[in-house]
Each structure stands twice: as structure tokens, then as C-alpha cells.
């Protein structure tokens, strides 16, 4: 099976797997990350097939929707890839990207790194900021029945990984605890350029939000 057919088959698999997913982590999220990954990859020396496959499979089973199980995503991806004509090293590389892509409250400690991980991670982070990022944050907040904002509950900038995963804080707090931090965590030059505009939009949104909140 050539690369083009591998991508087509994987798109079909992901679409079917995520057909009932929460809308911030559905096929359209995957598609945006996939497209941004391709855009960033154009200016990097990388394995394009690894980038595209990892982008398509990176949220195939997000731990947030599986009782915090961080291995279900890598396992689901590997089980799928075992049915494909992919070499062992490529499959392990893709699984390592999936395992290491997440923000996790800023507590990501790993010996694994690659330009392919950096590209897909940047693409995923881009979808968490800007107009789409704002929409996804409030969509997930609604899904978890969180308040929009509570002036008495301040952002916690020193959360442990477990506290971050289990947080039920207002959605506005998430801007400070994650979204506004992502611009400075981008890996690639392409990612940094794309993040700058989206970061500015979030800052402008917050100014308007507080203006309206305070009447």
C-alpha cells in the first residue's frame, strides 16, 4: 500500500472511530491538525508520512474521555496500524508521538523527541488557540458543566499533572492555565508564526470578555 492509500484508509478509519465524539475532539479537529501539520512540515526536514499518520491518529482515543487512561490512544493506534503495511520503526515512532503530544498541565517529561513530534504537537496546539481554540474551550467547558467565569476562583499556575487532569475550574481559567502559555511553547518557526496571530486574538477576546462581564 503506497503512502497516499495509507492516508486515505486512515482518514476513513478515524472518521468512523470519532463519528460520535465531542465536537472539540472530533474528525474536524483531526482534519485541522492534519492540515496544519502539512503546512508546517513544508518548511521542515521531516518524514511526511510519519507526520500525517501521527496527526490523523493523535486523538483516536483521548484520555479525557476514557477515565484518564493515557495508554488507550497509543494502543488503539497501534492495533489499527498492525493491519497496515507499515514497518515496525514507523509504527513505534507514530505511537511515541501520540504518547508525548499532550500538554498535561505543562508536566511533559520524556526522553523521546523528533522533528515529526514537534510538528504535530505544534499543529495540535494551534487548534487549541485563536478563534477555534476559544470555541473548543467553551464547548468542552459546557460538556463538563463548568462555569464560564468566577472572579473568586483564580487560575492555578502551579498545578500538578493530576490536578490539571481533574480540574473543574471555570473555563476562563483555562486560558491562563494553558491556552495563553502555548505560544511560547511552540517548537517550529512555522508554528511560532501561526501561533502569534491566534494568541493576539485570544488576548483581545479576554479584554472584551471582561469589559462585558463588568458592564
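Numbering (my numbering), first residue to last: 21 to 235.
Here a beta-carbon is modelled for each residue, glycine too, at the ideal position from N, C-alpha and C.
Item to check | Exposure label - residue 54; buried when at least 16 CB within 10 Å | outcome: Residue 54 comes out buried.
Item to check | Cβ shell of residue 218 (< 6 Å), same chain only, five flanking positions each side left out | outcome: Here the set comprises 149, 150.
Checklist entry - Three-state secondary structure (DSSP) at residue 148? => result Coil at residue 148, not helix or strand.
Next on the checklist: Within 8 Å, do at least three Cβ pairs link the region 206-213 to the region 63-75?
Outcome noted: Contact holds: three or more Cβ-Cβ distances are below 8 Å.
Checklist entry - Mapping DSSP to helix, strand and coil, what is residue 190? => result Reduced to three states, the DSSP call for residue 190 is coil.
Next on the checklist: Tell me which residues share the same chain as residue 173 and place their Cβ nearer than 7 Å to its Cβ, disregarding the 5 neighbours each side in the sequence.
Outcome noted: Answer for residue 173: 189, 190, 193, listed in chain order.
Checklist entry - Looking at the structure shown, is residue 27 part of a helix, part of a strand, or coil, going by DSSP? => result Three-state DSSP puts residue 27 in a helix.
Checklist entry - How would you label residue 71, buried or exposed, when you count the other beta carbons within 10 angstroms and need 16 or more for buried? => result Residue 71 comes out buried.
Next on the checklist: Using the Cβ count rule (16 or more neighbours within 10 Å means buried), how would you classify residue 228?
Outcome noted: Label assigned to residue 228: exposed.
Item to check | Alpha-carbon spacing of residue 202 relative to residue 142, whole angstroms | outcome: Going by the C-alpha atoms only, they are around 9 Å apart.
Item to check | Residues near residue 95 by beta carbon distance below 6 Å, same chain, minus five either side | outcome: Annotation for residue 95: no residue places its beta carbon closer than 6 Å to its own, counting only its chain and skipping 5 residues before and after.
Checklist entry - If you drop the 5 nearest sequence neighbours on each side, which residues of the same chain put their C-beta closer than 8 Å to that of residue 34? => result These residues qualify, in order along the chain: 47, 50, 76, 77, 80.
Item to check | Secondary structure of residue 98, DSSP reduced to three states | outcome: Residue 98: helix per DSSP, three-state reduction.
Checklist entry - What did DSSP end up calling residue 45 once you bin it into helix, strand or coil? => result In the three-state reduction of the DSSP assignment, residue 45 falls in the coil class.
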